[in-house]
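A.B. asks: Residue numbers (the numbering used here), protein chains in the order written: chain Y, 8 to 620; chain A, 990 to 1284.
Yeah, the Cβ is synthetic: ideal placement off N, Cα and C, and Gly gets one too.
Given the structure is predicted, the values throughout are model-derived calculations rather than measurements.
Okay, handing you the structure first.
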């Protein structure tokens, strides 16, 4: 790091906006995130909002960096903007959003800019003087434009870029001039008031002001739900059906805008049962169709998923996981539906369950889901989650002509060719001609037929999960499954398995741990079911200590691993509605390694304190 | 009772209904209607739920979906959206359509999808051996209601008209000629058409089995099917015989309007209005550049 030349120093800036619903916090985060992306920086916005129509505290963490591997969630921030007194109370620690408190408690690195007095030691606080803009008294939502003005001034965002984005967004709505006025007043108030005395400003302003684009290739702003919608369109989806449910709704909102022009239609059904029914009705004619839902919807569609298994009708279902059971925390993140996706419903049916850990995977795995549904003629459930679904990020433009690992694939069919052969399907057990049958022999034959087609999954989709061993040497074949017995100890200090958004955060934690010299082998399964034992067993070659990181209480993937392979793992779990941050995972993994070391040191002594030879 | 097995639309699988069931007549009338309309085997899709009535598609060699209990209409809507060129006929019963599937019925009717729904109203659950259905008479003793049904029957036609269906017909399973005429009229109609078929169960139930003498034709009596008040009046009188053994039952076209918004037409309109907006995924991605928020 060269302190004399700021533009060569690694650069990451985090800004946390906190306010009451109606303050325009999410809109402000969107504006700032796009402005930074337009300047060529890697940029993301992690939204956290309550499930109320209005009211409650919203926050958005915007991360701007010249490193596109930087995590979009974090416990710290460089600037915190509290847009209202209630938000300030939260910031002060009375109650509410923990990560805000954590950010404040980190001290030095934070400049809290808020509506009142100073906060914790080491932070600088300034007043956001909304009174300078009388319009805000009558139009609360103008606050975010004011703050964008302040941000533009103190960060040196050039040429009123943020304002032009705000204006573009408002094109069809009112208050364009009022927002511009609010932005201007905010900008000027910061130039004269905050800027001269801001301690940490220099390293950020020069960087954003110079705006040297770091990503020359064509970038697009996506969120996980939008990526699913784009993946579906790319895969040839022509019928989409859904019922409003947080946090999955926006998948339908996007796809509904696209489909009519492409010869399809997105249908808002009367409930989730109807939505999956419409999906199945379209697949009956081989027209690619999809429904997306979340927790309670996944419960409601189970009967039709069984119907798909029995009738060998394809279906694509996206489940954006939220915190349950029951209504739970509708806008909050979780990874609690793995078991329900695999085993939900009565009877024994064939299903494929995938999980996406990044926005890119939301796109590519949706395409894979359609391909798998066609190929195996069974329901394919793609699990995403509240964190990745709502996460906005500047991403590399996705390419539908490559697969999840970047291999070229055959162009997805834009217009599906309907099968004109007459067919009948029934949810009753039936013979090979589709005629209902109750006979014992037929039942055995048909169950075997339906299940045995799933045997091909492993051969087809082996590429979907690979073990990441970093620069570790793969063990020699003869030492397989005997990592413990090797003279020089196991090749890795720990193995880590994670899925969904937690996997992406684990990747970042692992990268940091490897820099600290810790040896790690990892597996990030994207195909969760059918369960492919080999990948999990292979990890044993590296270390018998295997941690499983996931956002649920019961350790669902850990249970599946034990059930299928007999491997006992160590669960690293978080279930408070917020996603893991890489820092948390890093600390947990280090804790596990140290605890194991402590126990092994204990057992290496003879009780008299002398180490065994 | 005609021998439906000889019909070219039959797949040879022997219907599993009780001997002498009036549903044989319905099956026969429907296939003859298909025949007279010149429908190819792959030119119609018959969709059903669960129950005696819903077995019907299993005996045909047309496109057929025997779906879940109460769920034929969602599947039918999916079929309509996927293949607007293929007409959809739903065969269902009073339990399937009006109890477990009531929500779907109300909304499919309201949205006025171009679907023909044939509801065989035997006024009980027969396949599960005699339970009260939404249309069973007050006091009817089913196996789950040994002290009698405690509520009044639901009127299928009233519900359909009230929900927004654009065509409602009533017929009786005892009159194959009339059934065929109603099926044909309903299939000619653009929009949601319900054919309520009075079809008493021979095996269970204490309703009058022979009601053919008490039917009177609405059209022969100058009924104004496009007038909502007249239609609701005609719809109301289907269960009068529960309290008056001599009451007549109006059959024919109860309600029909050609000026109601049909969902299928609206889908076509939206497609036409948005034609050329996007030709591929790349057009959409172009809109998603960071500085482009005008979406």
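DSSP state of residue 432 of chain Y, grouped into three classes?
C.D. replies: strand
A.B. asks: Taking only runs that begin and end inside the region 254–338 of chain Y, name each unbroken beta strand (DSSP E) of 3 or more residues, in chain order.
C.D. replies: 272–275, 296–300, 322–330
A.B. asks: Which residues in chain A sit within 8 Å of residue 314 of chain Y, going by Cβ to Cβ distance?
C.D. replies: 1056, 1057
A.B. asks: Can residue 533 of chain Y and residue 361 of chain Y be called in contact, C-beta distance under 8 Å?
C.D. replies: yes
A.B. asks: Could you confirm whether any beta carbon from chain Y is found closer than 8 Å to the beta carbon of residue 1080 of chain A?
C.D. replies: no
A.B. asks: Inspect the CB distances between the region 1253–1269 of chain A and the region 262–280 of chain Y and report whether three or more fall short of 8 Å.
C.D. replies: yes
A.B. asks: Do the CB positions of residue 246 of chain Y and residue 299 of chain Y come within less than 8 Å of each other?
C.D. replies: no
A.B. asks: From the beta carbon of residue 998 of chain A, is the nearest beta carbon of chain Y less than 8 Å away?
C.D. replies: Judged by the 8 Å Cβ criterion, residue 998 of chain A is not in contact with chain Y.
A.B. asks: Assign residue 1236 of chain A to one of three DSSP states: helix, strand, or coil.
C.D. replies: coil
A.B. asks: Taking only beta carbons into account, state which residues of the region 150–173 of chain Y come closer than 7 Å to chain A, listed in chain order.
C.D. replies: 172
A.B. asks: Could you tell me which of Y/199, Y/313, Y/315, Y/328 sits nearest to residue 253 of chain Y, measuring between CA atoms?
C.D. replies: When only C-alpha atoms are compared, the closest one is Y/328.
A.B. asks: Taking a cut of 9 Å between CB atoms, which residues from the region 500–534 of chain Y lie near chain A?
C.D. replies: none
A.B. asks: State yes or no: is the beta carbon of residue 1106 of chain A nearer than 8 Å to at least one beta carbon in chain Y?
C.D. replies: no
A.B. asks: If you drop the 5 nearest sequence neighbours on each side, which residues of the same chain put their C-beta closer than 6 Å to that of residue 1116 of chain A?
C.D. replies: Answer for residue 1116 of chain A: 1040, 1041, listed in chain order.
A.B. asks: Name the DSSP bridge partner or partners of residue 226 of chain Y?
C.D. replies: Y/403
A.B. asks: For residue 277 of chain Y, would you say it is in contact with chain A, using Cβ-to-Cβ distances shorter than 8 Å as the test?
C.D. replies: Closer than 8 Å to some Cβ of chain A, the Cβ of residue 277 of chain Y qualifies, so yes.
A.B. asks: Would you list the residues sitting across from residue 554 of chain Y in a DSSP beta bridge?
C.D. replies: Y/503, Y/577
A.B. asks: So, does the CB of residue 325 of chain Y fall closer than 8 Å to a CB anywhere in chain A?
C.D. replies: No, because no Cβ of chain A sits closer than 8 Å to the Cβ of residue 325 of chain Y.
A.B. asks: Can you give me, in chain order, the residues of the region 23–54 of chain Y that have a beta carbon less than 7 Å from any beta carbon in chain A?
C.D. replies: 41, 44, 45
A.B. asks: Counting only beta-carbon separations shorter than 8 Å, does residue 1280 of chain A have a partner in chain Y?
C.D. replies: yes
A.B. asks: Give me the DSSP bridge partner(s) of residue 248 of chain Y.
C.D. replies: Y/274
A.B. asks: Nearest by alpha-carbon distance to residue 1263 of chain A: which of Y/174, Y/271, Y/326 is it?
C.D. replies: Y/271
A.B. asks: What do you get for residue 1118 of chain A, buried or exposed, if any count of 16 or more other CB atoms within 10 angstroms of its CB means buried?
C.D. replies: exposed
A.B. asks: Answer yes or no: does any C-beta atom of chain A fall closer than 8 Å to that of residue 595 of chain Y?
C.D. replies: Against chain A, the CB of residue 595 of chain Y has no partner CB under 8 Å away; the residue lies outside that interface.
A.B. asks: Name the DSSP bridge partner or partners of residue 517 of chain Y?
C.D. replies: Its beta-bridge partners do not exist; DSSP assigns none.
A.B. asks: Who are the neighbours of residue 363 of chain Y on chain A, taking C-beta pairs under 9 Å?
C.D. replies: Under the 9 Å cutoff, chain A gives no residues; its nearest Cβ is about 18 Å from residue 363 of chain Y.
A.B. asks: Report the CB separation of residue 216 of chain Y from residue 160 of chain Y in whole angstroms; it is logged as a contact under 8 Å.
C.D. replies: Going by Cβ atoms, the distance from residue 216 of chain Y to residue 160 of chain Y rounds to 11 Å, so no, they are not a contact pair.
A.B. asks: Hey, does residue 470 of chain Y have any beta-carbon neighbour from chain A nearer than 8 Å?
C.D. replies: no
A.B. asks: Closest Cβ-Cβ distance between residue 381 of chain Y and chain A: below 8 Å?
C.D. replies: no
A.B. asks: At a CB-CB cut-off below 8 Å, which residues of chain A make contact with residue 311 of chain Y?
C.D. replies: 1057, 1060
A.B. asks: Counting only the same chain and skipping the five closest in sequence on each side, list residues whose C-beta sits under 8 Å from that of residue 1046 of chain A.
C.D. replies: Here the set comprises 1035, 1036, 1037, 1053, 1054, 1055, 1080.
A.B. asks: In chain A, which residues lie less than 8 Å from residue 262 of chain Y when you measure between Cβ atoms?
C.D. replies: Those within 8 Å of residue 262 of chain Y in chain A number zero; the least Cβ separation is about 10 Å.
A.B. asks: How would you call residue 466 of chain Y, buried or exposed, if buried means at least 16 neighbouring beta carbons within 10 angstroms?
C.D. replies: exposed
A.B. asks: Should residue 281 of chain Y be flagged as near chain A, meaning a C-beta pair shorter than 8 Å?
C.D. replies: yes
A.B. asks: Between residue 1032 of chain A and residue 1075 of chain A, how many whole angstroms is the CB-CB distance? I'm expecting something under 8 Å.
C.D. replies: 7 Å
A.B. asks: With burial defined as no fewer than 16 other Cβ atoms inside 10 Å of the residue's Cβ, what is the status of residue 1009 of chain A: buried or exposed?
C.D. replies: exposed
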